[in-house]
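As structure tokens, the structure follows; a few thoughts come after it.
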Amino acid sequence: MADSTQMLPAANSVCERIFEYFPYCLGFLVGDPNFGRPSKRCCQHVEKLNILAKHRIGPRFICWCIQLMVTGVTPSLDPSKIQDLPPMCNTSLSFPISDSMDCSNKTILPTHQMAKKMTRMLGEHVGRLRIETFGRLTDPDFFV
1 MADSTQMLPA ANSVCERIFE YFPYCLGFLV GDPNFGRPSK RCCQHVEKLN ILAKHRIGPR
61 FICWCIQLMV TGVTPSLDPS KIQDLPPMCN TSLSFPISDS MDCSNKTILP THQMAKKMTR
121 MLGEHVGRLR IETFGRLTDP DFFV
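Residue 1 is where the sequence shown starts when you use my numbering, and the numbers rise one by one after that.
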């Protein structure tokens with residue numbers, strides 16, 4: 001079995017995919033008035049995340065990556081928008097999203113030590129990504 005240091009690059013690339021897909025839904029999920037409905041891309045990317053959750057990395061890891069992305073970000077996720085997302089995209093969620101993410105009770109997650117290493121490793125990248133992502137919320141072409 002690989003140790004946690006060998007798994008870090010794989011974990012980084014997995015979170016990269018989540019960081020690539022999830023931002024398309026952020027405008028809607030934070031309740032931005034310019035996003036009354038999730039965009040077509042948001043719904044397409046929710047389907048991609050569902051596939052990853054069901055067949056590849058599991059819901060807990062997706063939860064953990066999303067938690068890294070949204071924790072402490074303002075505006076925070078709107079619980080009513082989270083509930084509205086699945087029916088508006090004609091799907092269900094195979095991974096958790098909430099305004100107060102708790103990924104501890106979902107399927108498999110890296111060990112605590114590995115999670116700490118991944119958090120340190122990804123922390124700077126996540127900070128840059130948050131700035132880039134929320135900067136994109138004002139760019140209507142990003143969500144088309």
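Ideal placement from N, C-alpha and C gives every residue a C-beta, glycine not left out. This structure is a prediction, so every number in the text was calculated from the model and none was measured.
Item: Distance between Ser98 and Leu49 (C-alpha atoms, nearest Å); Value: 15 angstroms
Item: Burial state of Pro96 (16 or more Cβ within 10 Å); Value: buried
Item: Rounded straight-line distance, which links the Cα of Asn90 to that of Lys40; Value: 11 angstroms
Item: Exposure of Arg56, with buried meaning 16 or more beta-carbon neighbours within 10 Å; Value: exposed
Item: Own chain residues within Cβ distance below 6 angstroms of His45, not counting five before or after; Value: Tyr21, Tyr24
Item: Euclidean distance between Cα positions of Leu52 and Leu29; Value: 20 angstroms
Item: Segment limits, alpha helix (DSSP H) that includes Arg60; Value: 59–70
Item: Rounded C-alpha distance that separates Gln67 from Asp102; Value: 8 angstroms
Item: Uninterrupted alpha helix (DSSP H) stretches inside the stretch 74–108 (no shorter than 4 residues); Value: 79–88
Item: Of the listed residues Leu93, Ser92, Leu85, nearest to Arg37 (C-alpha basis); Value: Leu85
Item: Distance, Pro87 Cα to Leu77 Cα; Value: 17 angstroms
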